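Down below is the structure, laid out as structure tokens.
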Amino acid sequence: MTEPLTVSAAITSWGGGPAPADTRRVVVMMHGYGSNEADLASLAPALPRGLAWASLRAPLTLAPGSYSWFPLTVPGNPQPEPVLAATEAISAWIDENIPVGVGVVSLGFSQGGLMASQLLRAVPRRVEATVILGGFVLASPLPGDDALADDRPPVFDGRGASDTVIAADAVARAHDWLPGHSTLTERIYPGLGHGIDATELADVVAFLEALPNP
């Protein structure tokens, strides 16, 4: 029997272990392919003051300091099974470390952007908002999709106009799927490739600040 994937490491604003009981909202951050938990943790100083955060390490090791959430297969159209296994690992980490009732915002870049959307689709009652940066959505329907179509949670979808890393059909899929399953804030950044710049980060901060109090 294959062992389930686990999130083996994370950097958190509260220093490790479960989040304090008085935490109101946590941004759960998921890095891109080949990166690690320190990558998106570098964005933390720009986040709204007092907002708790956790930056997770993906479960698959590519090389020392280099990790992925699932294997790369067809660009922008991964097999559902390994994506679902990674989603379960993230959800399990949240269950173990973030008390029920604390708001969760999933945030991810590139491959982590897909995982951010996956977490929203897998546990829509747990995730109150999502930030997708240079990412996409899985083609396969998921059980939480109907609830999202009804509730339309806030989603920020930002990408560079010059991003050639994410396949065009994956970008089109997100463009088609997100408006019917979220209250969407979509931003395209001229001149930006596959990355995050100061303008996009400022827009993400504004999106987070505009969320209703949990």
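Position in the sequence shown (from 1) plus 3 gives the number in our numbering. Heads up, the beta-carbon is just placed ideally off N, CA and C, and yes, glycines get one too. The structure presented is a predicted model; accordingly, all values stated were derived computationally and were not measured.
query: Using 10 angstroms around the beta-carbon of ARG155, count the other beta-carbons present and answer buried if the total reaches 16, otherwise exposed.; result: exposed
query: Tell me the rounded alpha-carbon separation between GLN114 and ASP25.; result: 31 Å
query: If you draw a straight line from the C-alpha of SER165 to the C-alpha of TRP17, how long is it?; result: 36 Å
query: Determine whether the beta carbon atoms of MET118 and TRP56 lie at a separation below 7 Å.; result: no
query: Roughly how many angstroms lie between the CA atoms of ALA152 and SER120, to the nearest whole one?; result: 14 Å
query: In the DSSP assignment, find the unbroken beta strand (DSSP E) run with THR133 in it and report its ends.; result: 130 to 136
query: Taking the alpha helix (DSSP H) that PRO83 falls in, what are its first and last residues?; result: 83 to 100
query: Taking DSSP's pairing of strands, which residues face ARG162 in a bridge?; result: ILE191
query: Where ALA44 and VAL158 are concerned, what is the direct C-alpha to C-alpha distance, given to the nearest angstrom?; result: 20 Å
query: Which residue marks the beginning of the beta strand (DSSP E) containing ARG28, and which one marks its end?; result: 28 to 33
query: Comparing C-alpha positions only, which one of GLY138, ASP179, THR167 and VAL168 sits nearest to GLY161?; result: GLY138
query: If you run the structure through DSSP and keep just helix, strand and coil, what is GLY111?; result: strand
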